[in-house]
Each structure stands twice: as structure tokens, then as C-alpha cells.
Amino acid sequence: MVIDGYHIGVESDEALELIAEDRRLFVGESSLDETIARGNEYDLALSGLYEIHINRTRQAGMVPAFSLVELPDSNAQEIYDRICAAERMVASPDLTENGYLKGTAEVPDELFIANGSGALLSAEHATTQQAIKSATNLRFEKGPDWGVGGLGVVLQEDLGTGLVVARGMQTGNANGDDPHPLKDQLGSMIRDGDYNSFTSLHGMRRGNFDRPHEERAYDVFVGIGEPNFFKEAAAEIIRLIGSEYGLKVGINQGFTVMGPSADFRPKLKPDGSGYARDKFAASRPSNTRSYAEREFEAKGRPAWALQLELSSLLRLGPIDANPRIEDPKRAIMGVYTGYLLVSRYLETVSERL
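Residue numbers for the sequence shown follow the working numbering, so the first one is 969 and each next one is one higher.
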């Protein structure tokens, strides 16, 4: 078997030197020394990293809560069906991948708006957006975060939250453009409404990891911006709830940047000096999380403003996309688990603020 030019099982001096160099790129000299000290000199060779990541991605769908046996008395099917109907209403009329391009909008940048109290939610990436590539400053079509629009609608109906969803025909990217119509709407609702928290609902790929030896992928990222006790406490609530369902939650989490989903390989840094890493904190001033936080501060009301990234295993997907979980029952439970995580967090916020 050959992966990236390495013959698995070949232990010539030249092959081992190449593998060791690749490991240095991936984990850095200090981590390499630690690995060797543990007697695992070859565990993190490229071949091993490849296999670890494939297994990590597969195992991400094996969360215990995804089994109907774990929650026999749940209303999982009902919640799943409601999220499907809501997703058709606000994001993709036929629940296909192409349906997210126009969405359900009749005019450019149309929004779905629902007023409420307590928690305020947004799903700015519910449909295809036009983001800006930093290297060229040119816009490109960026795919939607499937399922977050429908999830937001069902949460709003069940908990009485406020909600703003980008319905489609987007000409920009609310999570990067400033100003933007969705941000204007959020600002108006914060100033004039009775809200005490903000959660921006997003999606992320399954299989995200921090360091290459980790066998367990992250299921949820929580971005809180500049940390303080108030926001860290909110994020810890999500982590604690997630742990009850066997979910791995990262807060302002660092991660290794991967290539295309089918590639299973990390991206190199532009200078080739190692593999690229990033940190998800939702701290850019142009983020909706940062914008909402500033609006709450201007109102003189402290609030928990977070960006929540749910793995694709916790969200509804298009009917014509490859299933993230082959077993339909476990797929339903994945979507239901995502709903439970967010709804329980929002209920806790309403009780404490």
C-alpha cells in the first residue's frame, strides 16, 4: 500500500527519514521528542496519521446518544420531522443541495424574522452565501451550513426565542460583511427587544481535531471571542450538557486545518514549514457574535454572545448528499441530539439571566 509516496511497512533508512520529517512538520519538534520518549517513534508517521483520521471521522458517528436504544422514550422522530419541514420553509424548498442557492427568498438578502424574548438566535449561513477570499478580496460562493435554519425555527417555536435566518439569494456574508442587512436586523432586535443572550448557529465538518494522535474528533466548537468569566461559564454549560450525550466540545478551540473532505490530509502552511493550524474563537470584529456583543454592551446589558458550530452529524443534511450516518435511525438521533444540546443550553440561559 502506498500513501503519498510512502510504502507502508517499508523500514529502509530513507523511508524512515522521510516519515520522521513529515512527523516533524505535523506535530513539531517538541511533540516529536515526546512521542519518541514514549517509545512510539513511528505511530505518527504519515501512514498512521492517515489511518487515524479516517478512523476518527468514522467513529464520530458512533456517539452513544445517536442510538435509539439510549433514548427509547424520546420524541426524536417528531423533532426530526419538524426540523425537515422548517428547513424546507426557510432554506431549501426541496431539501436538495441546489435548493440552498436560492433558498426560499423572493428578493436578494431576504430574512426570516421571528420575535421573542430571552435568547436571540441567528442562522446567517443557513443558505449559500457570497464570502470574500482574503487573499484576493474577491467574492466566492460559499456553501451553506445545512440544517441550522430549520433547527433555529424549531428552537424558536419551542422556546419563544428571537430568530433571524438568511433565507437565500444572498449577495454577501453576514458573518464577515459590515454593514449587512442581517446585522442591522439583529441590532434593532437587541436595542428594542427583551433579549439577554445571543447564539449564532453554524455548522462544521465532522472529524475536526486538535493534535494528530487524537482518536476522538470534536463534535462541537464554541466561539466566545475574548474570554472572560461570564462567557466561559456559558460555554462550560454547553460542554457539560454535551458530555451527557457523549459529545466532545471545544471552547475557543485550536485545530488542524484539513484539505477537502475526501482528502483526509492536512493543509500545509504557505511557506511549507509545517501543517496549518487555526483557532476557532469567533473573535473577528465583523462576526455576528462580536456585533451582537457590542450591541448588548451599548445597551448596558451584559449578555452571553456565542457562536456555536455543530458537526454535520448533529444537523439535517440534503436528501441528495452522501449520508453522514448510514443508519437512518442513528441519523435521526444525531439531529435530535443537536436539538437537545442547543435547547437545553438556551433553557439554562433563560433560568440564570
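Note that the Cβ used here is the ideal one computed from N, Cα and C, for glycine as well.
When DSSP states are grouped into helix, strand and coil, residue 1172 belongs to the strand group. CA-CA distance, residue 1257 to residue 1137, rounds to 22 Å.
Residue pairing by DSSP places residue 1304 opposite no residue, since no beta bridge is assigned to it. In the DSSP annotation of this structure, the continuous segment of the beta strand (DSSP E) that includes residue 1135 starts and ends at 1130-1136.
Your pair residue 1093 and residue 1116 checks out as a contact, with CB atoms roughly 7 Å apart and the cut at 8 Å. For residue 1251, same chain residues with a beta-carbon under 6 Å away, outside a window of 5 residues either side, are 1193 in chain order. Here residue 1109 carries a strand assignment [DSSP, helix/strand/coil].
DSSP places residue 1249 outside both helix and strand once states are collapsed to three, so it counts as coil. Annotation for residue 1188: the continuous beta strand (DSSP E) segment containing it runs 1188-1191.
Your pair residue 1043 and residue 1100 does not check out as a contact, with CB atoms roughly 41 Å apart and the cut at 8 Å. Of the other Cβ atoms in all chains shown, 16 or more fall within 10 Å of the Cβ of residue 1095; this residue is therefore buried. Separation of the CB atoms of residue 1067 and residue 1114 is rounded to 10 Å, and the pair is thereby denied contact status at 8 Å. Apart from sequence neighbours up to five positions away, the residues of its chain that approach residue 1124 with a beta-carbon distance below 8 Å are 1082, 1084, 1089, 1130, 1131, ordered along the chain. Judged by their CB atoms, residue 1072 and residue 1056 are nearer to each other than the 9 Å cut-off. Here DSSP, grouped into helix, strand and coil, assigns residue 1221 to coil.
Bounds of the beta strand (DSSP E) holding residue 1101 are 1097-1101. Taking 9 Å as the cut-off, the beta carbon of residue 1205 is found closer than this to the beta carbon of residue 1313. Taking all protein chains shown into account, residue 1246 has fewer than 16 neighbouring C-beta atoms within 10 Å of its C-beta and is therefore exposed.
Shown here for residue 1076: same chain residues with a beta carbon closer than 6 Å to its own, the five before and five after excluded, namely 1137, 1139 in chain order. Assignment of residue 1063 by DSSP, reduced to helix, strand and coil, places it in the coil class. With a 10 Å radius around the Cβ and a threshold of 16 neighbouring Cβ atoms, residue 1158 comes out buried. Approximately 24 Å separates the beta-carbon atoms of residue 1223 and residue 1197; this is outside 8 Å, ruling out the contact.
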